[in-house]
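If you want the UniProt record's numbering, it's the 1-based position in the sequence shown plus 10.
We put the beta carbon where it would ideally sit given N, CA and C, even for glycine.
For clarity, every value in this text was computed on a predicted model and none was experimentally measured.
Notes follow once the structure below has been shown.
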Amino acid sequence: ERAAHPDSVAVIGLGRFGGSLALELEAQGTEVLGIDNNEDIVQSYNGRLAHVVRADSTKEEVLRQLSVHEFDRAVVGIGSDLEASILTTSRLLTFKHPQIWAKAISEPHAEILEQLGVQHVIRPEHDMGRRVAHLVRGSILDYVEFEDDFVMVRTQPPADARDRPLGVLGLRDKYGITIVAVKRPGGTWQHTTAQTVLYDDDQIIVQGTKNLAERFSSRP
Ligand code: ADP
Numbered sequence: 011e012r013a014a015h016p017d018s019v020a021v022i023g024l025g026r027f028g029g030s031l032a033l034e035l036e037a038q039g040t041e042v043l044g045i046d047n048n049e050d051i052v053q054s055y056n057g058r059l060a061h062v063v064r065a066d067s068t069k070e071e072v073l074r075q076l077s078v079h080e081f082d083r084a085v086v087g088i089g090s091d092l093e094a095s096i097l098t099t100s101r102l103l104t105f106k107h108p109q110i111w112a113k114a115i116s117e118p119h120a121e122i123l124e125q126l127g128v129q130h131v132i133r134p135e136h137d138m139g140r141r142v143a144h145l146v147r148g149s150i151l152d153y154v155e156f157e158d159d160f161v162m163v164r165t166q167p168p169a170d171a172r173d174r175p176l177g178v179l180g181l182r183d184k185y186g187i188t189i190v191a192v193k194r195p196g197g198t199w200q201h202t203t204a205q206t207v208l209y210d211d212d213q214i215i216v217q218g219t220k221n222l223a224e225r226f227s228s229r230p
């Protein structure tokens, strides 16, 4: 059964996280209802979000009045007020819709949200910190981690991946990774083929499990 408003998202808590999430969703064409109990915040989104209201999301009747239960998805962006985050989330969980995404600002916070039954617990600072660690180490230029331990890494080709066609090098057998794309200096991203030859100053995208892709990308 579909929600009454498909492709609609209620964003509760328009702080730095919820605010930019709401703006980005709306820019992509999703119907967004922004909710925050702080008048100044609500004012600042007036004219930038089509629907933004001042309301206390910890109250179930308030959420019902705003028809949050008819939305496809809801994002709880409240972080620092733990009580408000937990109360809001548990109210939402009593509705059949929506799918819930909730932000956690600490490990215990994340555990509680998971115990409540939230389908998607997001930990922006934790995740960003881990991501940036790879960039700071230097060998990795960009890093995306998916669930099930799978990553995509932007890096430069290590010596054993250079100067001979990928089809000949057998990197997947040797290192358990796949090089899916290459960008030459000044060029654009291209899919690799068995004939592709990589050079020193190329950038590549490596796919694989976290361990194998990181190990491969850290090779000189
Ligand atoms: P960020 O770090 O992303 O800025 P915060 O946790 O600081 O996140 O911001 C949370 C936002 O949620 C704030 O704008 C705050 O006004 C709002 N908020 C907090 N409690 C409630 C509540 N009970 N109902 C609605 N909005 C709330």
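Proximity of the stretch 195 to 202 to the stretch 150 to 161 falls short of the contact definition, fewer than three beta-carbon pairs being nearer than 8 Å.
Judged by DSSP secondary structure, Val72 falls outside any beta strand (DSSP E) and instead within the alpha helix (DSSP H) spanning 70 to 75.
Between the ligand ADP and the CB of Phe27, the shortest heavy atom gap is smaller than 7 Å.
Ile214 and Pro167 do touch by the CB rule: their CB atoms are close to 5 Å apart, below 8 Å. Three or more beta-carbon pairs separated by less than 8 Å link the stretch 215 to 226 to the stretch 161 to 177, which places the two stretches in contact. At a threshold of 7 Å, Leu73 does not count as near the ligand ADP, since its beta carbon sits no closer than that to any of the ligand's heavy atoms. In terms of Cβ geometry, Ile115 and Gly87 do not form a close pair [threshold 8 Å]. Residue range 150 to 156 is occupied by the beta strand (DSSP E) that includes Phe156. Under DSSP, Phe81 forms a beta bridge with His15. Fewer than three beta-carbon pairs drawn from the stretch 40 to 52 and the stretch 100 to 115 are found closer than 8 Å, and the two stretches are therefore not classed as touching. With a threshold of 7 Å, the Cβ atom of Asp91 counts as near the ligand ADP, since some heavy atom of the ligand is closer than that. Per DSSP, the beta bridge partners of Gly44 are Val21, Val62.
When secondary structure is reduced to three states using DSSP, Thr98 falls in the helix class. Residue environment analysis places Trp199 among the exposed positions, since fewer than 16 neighbouring C-beta atoms fall within 10 angstroms of its C-beta. According to DSSP, Met162 shares a beta bridge with Val154, Gln217. Taking the Cα of Leu73 as reference, the smallest distance to any Cα among Arg58, Ile51, Asn56, Leu97 is reached at Leu97. Sixteen is the threshold: since fewer than 16 other Cβ atoms of the shown chains lie within 10 Å of the Cβ of Val146, the residue is exposed. The residue from Leu151, Arg172, Pro134, Asp173 with its alpha-carbon nearest to that of Gly25 is Pro134. Under DSSP, Gln109 takes part in a beta bridge, and its partners are Arg83. Note on geometry: alpha-carbon atoms of Trp111 and Val190 lie some 31 Å from one another. Taking all protein chains shown into account, Glu71 has fewer than 16 neighbouring C-beta atoms within 10 Å of its C-beta and is therefore exposed.
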